[in-house]
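Residue numbers (the working numbering): -9 to 113. For glycine and all other residues, C-beta sits at the position ideal for the given N, C-alpha and C.
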């Protein structure tokens, strides 16, 4: 039996989210033949620095969710509340900005649980 839980991240989770972002983004995109490792590294250093993640955590409209499986960080999601994009006319739009799971936890419900938690927040 796996103990899977989803919680809202706090500012104290900036380093944890940075580590998750680096690992999961690399795993998701590094093996594509059109993604040069140096380009990915450049992007990740900017997008997933502790400073950048801390700034995003502090944004009122950003919500990070952390999935933990047996007490270990297994994945994360980021949603943005009331993010108005051109062509979107919803009353309360929500953007799913990121949803990633560690590869070793694939098939264990991490991604689905994160998606369910995002939908619950959207309601």
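Is residue i near residue j, with beta carbons less than 8 Å apart?
i           : j           : result
residue 12  : residue 38  : yes
residue 101 : residue 61  : no
residue -6  : residue 97  : no
residue 89  : residue 43  : no
residue 27  : residue 18  : no
residue 84  : residue 112 : yes
In angstroms with no decimal places, state the Cα-to-Cα distance between residue i and residue j.
i          : j          : result
residue 2  : residue 71 : 21 Å
residue 16 : residue 50 : 28 Å
residue 31 : residue 5  : 17 Å
residue 93 : residue 63 : 12 Å
By the three-class DSSP mapping on this structure, what secondary structure does residue i have?
i           : result
residue 38  : coil
residue 101 : helix
residue 116 : In the structure as shown, the chain starts at -9 and stops at 113, and residue 116 therefore has no counterpart that could be examined.
residue 51  : coil
Here's a check: name, in chain order, each residue in its chain whose Cβ is nearer than 8 Å to the Cβ of residue i, leaving out the five neighbours to either side.
i           : result
residue 46  : 52, 54 and 68
residue 103 : -6, -4 and 57
residue 10  : 56, 63, 65, 66, 90 and 92
Using a Cβ-Cβ cutoff of less than 6 Å, which residues in the same chain neighbour residue i once the five nearest sequence positions on both sides are dropped?
i           : result
residue 107 : -4 and 55
residue 25  : 19
Between residue i and the rest of its own chain, which residues show a CB-CB distance below 7 Å, the 5 nearest in sequence each way excluded?
i          : result
residue 82 : 72
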